[in-house]
Structures are given as C-alpha cells and as structure tokens.
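Q: Have a look at the structure that comes next, please.
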Amino acid sequence: MAMTMVRRGYRNIMTKDAEDIVILSSLRTPITRAVKGQLSSSYPEQLLHTVLKATLAAVPNLDPALIDDVCVGVVLSELGGSKAGQHDEELCE
C-alpha cells in the first residue's frame, strides 16, 4: 500500500498543469553533522525547516496554504542527507 501511495504521489507531482507555479531556490544548509559542531545535535528536519522558511520569505505574496508539493534535493546523501526530505507541516499551516 505504501509503495502505491508513493507512485501515486510521484505521478501527481510529475503531471504538468497550465496553472502550475514552480518556485526554485538555491538555499542550502551547512554541513553540520560534525561531532563537535554547534549544530551537531540538530535534526535534518530542523535544518530543512529553516531553508523552507527562508524560501517562503523570499516570496512574501505567496500564501503557504496554496502549496501542494515540496521537492527537496540532496547533495550529500551518503552523509544521511536523504532523511531530510520529509514534509514540513508547520510551514503549510
């Protein structure tokens, strides 16, 4: 069942519509998972939240309630970055 939902979600994201609006952002988080780094105890979702919040701040006229999908790219997935691609509910409220 979960895989079916993933396929359906992927299909919905990849289906083009004339009314689609795409916002691209080149913001990123620092590499922070060093053992002694100041952000070493931060969760990836917290860092993602910061990036998404800054992206929304760059488009002040956009109502976050109108956002249907968020796609996040991961550069250093071998360091565990792929776990950060989870939905940030707080921004959509």
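Be aware that the sequence shown starts at 625, since it is given in this note's numbering, and climbs by one per residue.
We put the beta carbon where it would ideally sit given N, CA and C, even for glycine.
Where THR674 and ALA682 are concerned, what is the direct C-alpha to C-alpha distance, given to the nearest angstrom?
A: 13 Å
Q: On the three-state DSSP scale, how would you describe VAL675?
A: helix
Q: Apply the 10 Å Cβ neighbour rule to GLU713 and answer buried if 16 or more other Cβ atoms are within range, or exposed otherwise.
A: Low confidence applies here, because GLU713 scores a pLDDT of 48, under 50, leaving its location unreliable and the question unanswered by this model.
Q: Is the CB-CB distance between SER649 and THR679 below 7 Å?
A: Yes, Cβ-Cβ distance for SER649 and THR679 is below 7 Å.
Q: When the Cα atoms are used, what is the spatial distance from SER666 to THR653?
A: 12 Å
Q: Does the distance between the C-beta of THR674 and the nearest non-hydrogen atom of the ligand SAH fall short of 6 Å?
A: Ligands displayed in this structure: none; no statement on the ligand SAH is therefore possible.
Q: Determine the DSSP secondary structure at GLY633, reduced to helix, strand or coil.
A: helix
Q: Should LEU690 be labelled buried (16 or more other beta-carbon atoms within 10 Å of its own) or exposed?
A: exposed
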